[in-house]
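> Respectively, the protein sequence lines represent chains A and B.
Each residue of the first sequence is one higher than the one before, starting from 1 at the first, in this note's numbering.
Each residue of the second sequence is one higher than the one before, starting from 1001 at the first, in this note's numbering.
Glycine included, C-beta positions come from ideal geometry on N, C-alpha and C.
Starting off with a structure, shown below.
Number of protein chains: 2
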Amino acid sequence: MGGSRRLVVIGGVAGGATFASKARRCCPDAEIEIYDQDEFISYAGCGLPYFIGGHSPNWRRLLARMPDEFESRQNIRVFLRHRVNSIDTENKTIRVADLEGVSESSIPYDTLVIGTGAAPVVPPLWGKDLDGVFVLRSLTNALEMKSFIDLQAPHRAVIVGAGAIGLEMCEALRRLDMEVHLVELAEQVLPPMDADLASQVASQLERNGVTLHLGAEVKGLHGGEGTVTGVSAGTEEIETDMVLLSIGIKPASALAEKAGVELGARGAIRVDERMRTSAPDVLACGDCATTRNLVTGAESWMPMGSTARKQARVAAETVAGNESAFPGTQGTFILKAFDVSVGKTGLSTQEASAAGFDAESVDVEDSSRPGYYRGGGDITLRVTVDRASGRVLGAQAVGDYEAVVDKRLDIMATAVRGGLTVTDLSFLDLAYAPPYSHPFDLPVIAGNLAEARIMGKECSCSAEGLED
Amino acid sequence: MGGSRRLVVIGGVAGGATFASKARRCCPDAEIEIYDQDEFISYAGCGLPYFIGGHSPNWRRLLARMPDEFESRQNIRVFLRHRVNSIDTENKTIRVADLEGVSESSIPYDTLVIGTGAAPVVPPLWGKDLDGVFVLRSLTNALEMKSFIDLQAPHRAVIVGAGAIGLEMCEALRRLDMEVHLVELAEQVLPPMDADLASQVASQLERNGVTLHLGAEVKGLHGGEGTVTGVSAGTEEIETDMVLLSIGIKPASALAEKAGVELGARGAIRVDERMRTSAPDVLACGDCATTRNLVTGAESWMPMGSTARKQARVAAETVAGNESAFPGTQGTFILKAFDVSVGKTGLSTQEASAAGFDAESVDVEDSSRPGYYRGGGDITLRVTVDRASGRVLGAQAVGDYEAVVDKRLDIMATAVRGGLTVTDLSFLDLAYAPPYSHPFDLPVIAGNLAEARIMGKECSCSAEGLED
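Encoded structure:
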């Protein structure tokens, strides 16, 4: 074994790869090994729809670095196509199967980092194993789907599930000139968003030729000669040449659970703010791990690639013996669907009420720039506040891609993080010039409106009034 | 006089017009009158370069509302081309001259609001009164310049002063295919910015055909037949057909000073957080008034159209007897010069050191989006922090217009407002998807770098490392 410390990482996508790189710098003498059952690691999982849709036709551009670069540049050993079958937290070993061979071996660790991520939810539907039925989580998934599209030239696709991946794939497959049907069990797209805002996204999908089937349960898939040919959704039979199941994801925590590691919110591996699990010398980070909701303080599970990388850095600091604490997240997300951006940070009215706040929301609808400066677009910003304290709890936004919705969401994300009140928001000193915004940008108007609403002031604070 | 309260406003551009509109809603029964020596009020002063340059060829689009709309829709009386010659704070009257006639009359007020704005600094140069020499502050200035350009078709222009207006006008006049020389006394453009960042803007100006004359003092203008023909700048003689003097602005506070109203920072009218001056029942707001620097707490003068409107709203609340306090500003600004955006919020290293902070700055240079998603551009973000507390004090940014520099500045402006530390910044939960940003966006990377710098950690936090 020698004297150097062995850091063993299970999973090498966002969390695992970031952990290994950061740990190498924190612990120059450690032996670092990554085990991953897939044949790719360290890639941009969020970029997969853009590879399929042809924005980024070369999949190698999604790779942050090649496996051999980990070894040659960072002295990190990478074992691809190696599946970890079990963890023995008492003897501090893992059992690893080489999927290319027949061997299973026992690998010792001093510290184990679980970065197994999340796995697509696939319901026990009849027909889920037919050719032409896909999930889209890993680069391998994407390459399989791309190969099917290239070889079979499908004309029609059914996407099941109107979450982020589902919506991004609507755009991707329409770009390939396919007829696209989107099936969703809920009565709206993007269930985390308020229904009226989500309906703006639904309209955009329809304008771009996507056929929506909302409130429709998928009962089964049909096939002929081993290939999918149709979907039973609600009372409808939809003929199709391919199906994407993008119903949702769940934490890949079975391995940890089997080893007796405690699970938390939504079945994710429970971690403390230093990314430690209930088992000694076992850390977890990324989509397989819990986080804390920064607004409510509650343990939760909010898988995001950006969160995975931040948690991984904290895990490396913990391994190095440094004090670093992951504060939690706000569930911030954004996505582009055709020419619309939509996203959220913090709590909605409903979520805030459920968490015990006296919640109130205000809407601002405005253009992103003065009318006299070309370009930009329109945005609806909904800001949710606590009536008792005036604190900003969250925001949702939907608008034209060219209207820079992401800027307004990020201002609100930072405001939520900073504990700003509606009054603080109303006086925010944001960067103003005509090519960028109005003198009163949407978050500032929202602050004014929310303050008036809370204070019961005469409602003088219309967006129009603020522009005077 | 009758029973209703008389609110008299001097100046009707950003502050004055916003005050009057908001006051009308707060005080439905008041008599409200605006006096302005110009023939236009309530226009977007920041839009003038875009009118000249032809982005917005119809100047009427710069008008937020027409003077007669104030009267017909809000019962606010507007007196254009009326100059206020004096204020009698004891007897609560102003002396007003009708510039179209010969009359001067005495107008009583219950509350007076001074919104006289700022005036261009015009040094006592020989030749400043020649035809073809302009300042650009009011819509009237802009119409005069536009008329000169239309009628005289000048081929060459000299812009004196490389501040925001000077740079925006470089773009505007180049769009009109004029040969443009930019003369600046300092050794850099945009003196509020750090020199190395400003040099990126200077390069962009040169790439777009602007000839720079930095460190050059203007000694005089030359003319023939009453029209400007040249500028003596440093050791050079520059031939030209027109000149824009955009050296700077100063608060238009002489009227207030003459009336015994106390002045403060930079000669602006001193106001408290409710916009009250030293004289009873006299308020001031906008570019003529002081503000407080939110980071240092010091009284200062930071004229901005967005600030003027916010202060005006506070003034109206004060008049209505409501509690509202203007917290101050951070000096946030942004401008576009050709394809570059540049701006700042809060303090630079030098300003922070001067204010007594143990200041440190870190730079992040990164693309705005993953390489695999088309578009975007490059940004340099410099974040200034206090070593002692870890608090974020300010930020400067320069980058491609398409890189959405304004978003990063607004995140930083909100972070400064929220009192975020470098650690908070490093964990900000921003909106991430490939069409918008990297998983670690520039402010997050800056937080990591600054934390490492302050803590004296091994410098593991390169942008590259963070992308893993």
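Going by DSSP, what residue range makes up the beta strand (DSSP E) through residue 237 (chain A)?
Segment 236-239, the beta strand (DSSP E) holding residue 237 (chain A).
> Assign residue 1098 (chain B) to one of three DSSP states: helix, strand, or coil.
Strand.
> In chain B, which residues lie less than 7 Å from residue 338 (chain A) when you measure between Cβ atoms?
Chain B residues near residue 338 (chain A): none, gap ~11 Å exceeds 7 Å.
> Look up residue 247 (chain A) in the DSSP assignment and say whether it is helix, strand or coil.
Of the three classes helix, strand and coil, the one that applies to residue 247 (chain A) here is coil, per DSSP.
> Quick one: give me the first and last residue of the beta strand (DSSP E) that residue 41 (chain A) is part of.
That residue, residue 41 (chain A), is in no beta strand (DSSP E); it is neither H nor E in DSSP.
> Between which residues of its own chain and residue 1004 (chain B) is the CB-CB distance below 8 Å, once the five residues before and five after are set aside?
Same-chain partners within the cutoff: 1029, 1030 and 1031.
> If you reduce the DSSP assignment to three classes, tell me which class residue 1468 (chain B) lands in.
Low per-residue confidence applies at residue 1468 (chain B): pLDDT is 39, beneath 50, and the placement is therefore not dependable enough to give any value.
> Which chain B residues are close to residue 374 (chain A), counting only those with a beta carbon under 7 Å from its beta carbon?
Ordered by position in chain B, the residues that pass the 7 Å Cβ test against residue 374 (chain A) are 1055.
> Whole angstroms are fine: how far does the CA of residue 343 (chain A) sit from the CA of residue 1017 (chain B)?
The straight-line gap from Cα to Cα measures roughly 35 Å.
> Short of 8 Å Cβ to Cβ, which residues in the segment 1348-1377 of chain B face chain A?
Taking 8 Å as the Cβ-Cβ cut-off against chain A, the residues of the segment 1348-1377 of chain B that qualify are 1370, 1371, 1372, 1373 and 1374.
> Closest to residue 328 (chain A) by C-alpha separation, out of A:339, A:335 and A:345, would be which residue?
Of the candidates A:339, A:335 and A:345, the one whose C-alpha sits nearest the C-alpha of residue 328 (chain A) is A:345.
> Examine chain A for any beta-carbon lying closer than 8 Å to the beta-carbon of residue 1414 (chain B), and answer yes or no.
Yes, because at least one Cβ of chain A sits closer than 8 Å to the Cβ of residue 1414 (chain B).
> In whole angstroms, what separates the C-alpha of residue 48 (chain A) from that of residue 78 (chain A)?
Taking the straight line from one Cα to the other gives about 22 Å.
> What residues in its chain sit with their C-beta under 7 Å from that of residue 67 (chain A), if we drop five residues either side in the sequence?
41, 78 and 80.
> Would you kindly work out how many angstroms separate the C-alpha atoms of residue 1142 (chain B) and residue 1373 (chain B), rounded to a whole number?
Approximately 41 Å between the Cα atoms of the pair.
> When the Cα atoms are used, what is the spatial distance from residue 473 (chain A) to residue 1438 (chain B)?
Limits of chain A in this structure are 1 at one end and 468 at the other, which puts residue 473 (chain A) out of reach.
> Would you say residue 1310 (chain B) reaches chain A, if we count a Cβ-Cβ gap shorter than 8 Å as a contact?
Closer than 8 Å: yes.
> Locate the beta strand (DSSP E) running through residue 367 (chain A), then write down its first and last residues.
Counting along the chain, the beta strand (DSSP E) containing residue 367 (chain A) begins and ends at 359-367.
> Less than 8 Å between CB atoms is the rule here; does residue 86 (chain A) satisfy it with respect to chain B?
Not one chain B Cβ lies under 8 Å of residue 86 (chain A).
> Is residue 1046 (chain B) close to chain A? Criterion is C-beta to C-beta, closer than 8 Å.
Judged by the 8 Å Cβ criterion, residue 1046 (chain B) is in contact with chain A.
> Quick one: grab the DSSP three-state call for residue 1223 (chain B).
Note: residue 1223 (chain B) maps to strand in three-state DSSP.
> Output, in sequence order along the chain, the residues in the segment 393-420 of chain A whose CB is closer than 8 Å to any CB in chain B.
Within the segment 393-420 of chain A, the residues whose Cβ lies closer than 8 Å to some Cβ of chain B are 401, 404, 406, 407, 409, 410, 411, 413, 414, 415, 417, 418, 419 and 420, listed in chain order.
> Under a CB-based cut-off of 8 Å, is residue 330 (chain A) close to chain B?
Yes, residue 330 (chain A) lies at the interface with chain B (some Cβ there is under 8 Å from its Cβ).
> I want to see whether chain A comes within less than 8 Å of residue 1304 (chain B), judged by CB atoms only; does it?
So yes, residue 1304 (chain B) belongs to the interface.
> Answer with buried or exposed for residue 1407 (chain B), where buried requires no fewer than 16 other C-beta atoms within 10 angstroms of its C-beta.
Counting Cβ neighbours within 10 Å, residue 1407 (chain B) comes out buried, since at least 16 surround it.
> Report the three-state DSSP secondary structure of residue 1089 (chain B) (helix, strand or coil).
Three-state DSSP puts residue 1089 (chain B) in coil, outside helix and strand.
> Determine the DSSP secondary structure at residue 469 (chain A), reduced to helix, strand or coil.
With chain A covering only 1 through 468, there is no way to say anything about residue 469 (chain A).
> Going by Cα to Cα distance, which pick from A:184, A:27 and A:204 is closest to residue 340 (chain A)?
Minimum Cα distance to residue 340 (chain A) is reached at A:204.
> For my contact list, residue 403 (chain A) and residue 382 (chain A) are in at a C-beta cut-off of 8 Å; report their separation, rounded to the angstrom.
Going by Cβ atoms, the distance from residue 403 (chain A) to residue 382 (chain A) rounds to 15 Å, so no, they are not a contact pair.
> In this structure, how does DSSP classify residue 242 (chain A) when only helix, strand and coil are distinguished?
Residue 242 (chain A): strand per DSSP, three-state reduction.
> Going along the chain, which unbroken runs of the alpha helix (DSSP H) with 4 or more residues stay wholly within the segment 1113-1191 of chain B?
Listed in chain order, the complete alpha helix (DSSP H) runs (minimum 4 residues) inside the segment 1113-1191 of chain B are 1139-1152 and 1164-1175.
> Is it true that the segment 180-190 of chain A meets the segment 155-162 of chain A, where meeting means three or more beta-carbon pairs spaced less than 8 Å apart?
Segments in contact, yes.
> Strictly below 7 Å CB to CB, what residues from chain A border residue 1333 (chain B)?
Per Cβ cutoff of 7 Å: 431.
> Using a threshold of 8 Å, state whether the C-beta atoms of residue 318 (chain A) and residue 413 (chain A) are closer than that.
No, the Cβ-Cβ distance between residue 318 (chain A) and residue 413 (chain A) is not below 8 Å.
> Judging by CA-CA distance, which residue of A:376, A:415 and A:169 is the nearest neighbour of residue 347 (chain A)?
Per the Cα distances, A:415.
> Name, please, each residue of chain A whose Cβ falls closer than 7 Å to the Cβ of residue 1343 (chain B).
Neighbours of residue 1343 (chain B) on chain A, chain order: 431.
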